[in-house]
Amino acid sequence: MISFLIFLATYLIMECITWCTHKFVMHGFLWYLHADHHQPKYAHIFERNDLFFVIFAIPSILLFYFGASAGFDYRFFIGLGIFAYGLSYFIVHDIFIHQRFKLFKNTKNKYLIALRKGHKVHHKHLGKEYGECFGMLFVPFKYFKI
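First residue of the sequence shown: 1, per full-length UniProt numbering; consecutive thereafter.
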């Protein structure tokens, strides 16, 4: 039970970490890696922004390794929470919102529609300033209004 709670807490905390990283790092000193993501059309299949997947994967992999080596202690479940959030991020952000793979195009789900609206508002700014909606799973209530 404690392992599941560690996993769940890590998954939920990752939304806060993602928000802070997106606002202060991606739209801050590492803007040069994130800038191509804010362009209307992508020139290639991959973008420099995809390096953030690698950056977030490193602690997850290390926590998996050291947690498994120690008999699947708490570190393993923290790594699992980071991995699960990363997988969710990929599915929601890259597949559902940005349609990098043409899946899940039509939805009537109010939460998913609000998620798309919030992200569209985030991307209306092509520069690193004046952004809003930096998270992934939490959607401000104003985007639920139709």
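Backbone N, C-alpha and C fix where the C-beta goes; we use that ideal spot for every residue, glycine too. Note that the structure is predicted; figures quoted are calculated from it, not measured.
Around the C-beta of L80, 16 or more other C-beta atoms lie within 10 Å, and the residue is accordingly described as buried.
CA-to-CA, the gap between L33 and M136 works out to about 18 Å.
Note on geometry: alpha-carbon atoms of F53 and K145 lie some 32 Å from one another. Excluding the 5 residues flanking it on each side, L115 has same chain C-beta neighbours closer than 6 Å at V139, in chain order. DSSP places P59 in the helix class (H, G or I) of the three-state scheme.
Of the residues L103, E15 and H27, the one whose Cα lies closest to the Cα of H125 is H27.
The C-beta distance from F66 to S3 rounds to 15 Å, too long to fall under 8 Å, and the pair is not in contact.
No residue range can be given for E129, since it is assigned to no alpha helix (DSSP H) and is classified by DSSP as neither H nor E.
Taking 8 Å as the cut-off, the beta carbon of L63 is found no closer than this to the beta carbon of R48.
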